[in-house]
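Student:
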Amino acid sequence: MNKNFKVVQIHGLSGILILGFVLTGLVCGFVIFPIWVIMNAWNAVAGDILGGPFINYFQAFLLWLAVALMFYLVLKNSISIKIQKEECIDSRDIKDIVSEIKEEKDTEAEDIREKEETRR
Numbered sequence: 039m040n041k042n043f044k045v046v047q048i049h050g051l052s053g054i055l056i057l058g059f060v061l062t063g064l065v066c067g068f069v070i071f072p073i074w075v076i077m078n079a080w081n082a083v084a085g086d087i088l089g090g091p092f093i094n095y096f097q098a099f100l101l102w103l104a105v106a107l108m109f110y111l112v113l114k115n116s117i118s119i120k121i122q123k124e125e126c127i128d129s130r131d132i133k134d135i136v137s138e139i140k141e142e143k144d145t146e147a148e149d150i151r152e153k154e155e156t157r158r
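Read the sequence shown against my numbering and you will find it ends at 158, with the numbers running on by one and no gaps.
#1: Beta-carbon within less than 6 Å of residue 92's beta-carbon, same chain only, minus the 5 sequence neighbours each way: which residues are those?
#2: Decide if residue 73 is buried, meaning its Cβ has at least 16 other Cβ atoms within 10 Å, or exposed.
#3: Verify whether the separation of the beta carbon atoms of residue 102 and residue 135 is less than 8 Å.
#4: Quick check on DSSP: helix, strand or coil for residue 115?
#5: If you measure between the beta carbons of residue 57 and residue 70, is that distance less than 8 Å?
#6: Take residue 142 and list the residues in its own chain whose beta-carbon comes closer than 6 Å to its own, dropping the five residues that flank it on each side.
#7: Ordered along the chain, which non-local residues of its own chain (more than five positions away) have a Cβ less than 6 Å from that of residue 113?
#8: Grouping DSSP H, G and I as helix and E and B as strand, with all else coil, what is residue 91?
#9: Does DSSP classify residue 128 as helix, strand or coil?
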């Protein structure tokens, strides 16, 4: 197990309350606040200045969802995070792999020689 990996343990009611506050903060920060900003910006620009329609929270949520989906689709290939676990290989396994590769090369070389001899 990785020694740098830390496990967070939740104990009792205070731990559950802290977890609830953290989750509520994340939802407010990544969902509710952007929806509020989008709704107010749309209503200020499109509604007041341009004389267009006003939107409510649900419509702002749909607009936020469309923008988030657009960013995901545009940036999904340009940003990647890869997590992998290194496998420890014994020196015996490495020697076996190297010997298998050498055997494959030898058989390929023999096949090429046989083909050249049959052509002559």
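The beta carbon of each residue, even a glycine, is placed where N, CA and C say it ideally should be.
Fair warning: this is a prediction, and the values are worked out from it, not measured in the lab.
Tutor: If we stick to the structure as given:
#1: Residue 92 sits at position 54 when you count from the first residue of the sequence shown. Closer than 6 Å at Cβ, skipping near neighbours: 81 and 85.
#2: To locate residue 73, count along the sequence shown from 1; it is residue 35. Buried, since its Cβ has 16 or more Cβ neighbours within 10 Å.
#3: Within the sequence shown, the letter at position 64 stands for residue 102. Within the sequence shown, the letter at position 97 stands for residue 135. With contacts defined by Cβ atoms closer than 8 Å, residue 102 and residue 135 do not form a contacting pair.
#4: In the sequence shown, the residue the question calls residue 115 occupies position 77. Coil.
#5: Position 19 of the sequence shown holds residue 57. Position 32 of the sequence shown holds residue 70. Cβ distance not < 8 Å, so residue 57 and residue 70 don't count as in contact.
#6: Mapped onto the sequence shown, residue 142 falls at position 104. Around residue 142: no qualifying Cβ.
#7: Counting from 1 along the sequence shown, the entry for residue 113 is found at position 75. Within the same chain, residue 113 has no close Cβ partners at all.
#8: As a first step, residue 91 must be located in the sequence shown, where it is residue number 53. Reduced to three states, the DSSP call for residue 91 is coil.
#9: Your numbering for residue 128 matches position 90 in the sequence shown. Three-state DSSP puts residue 128 in coil, outside helix and strand.
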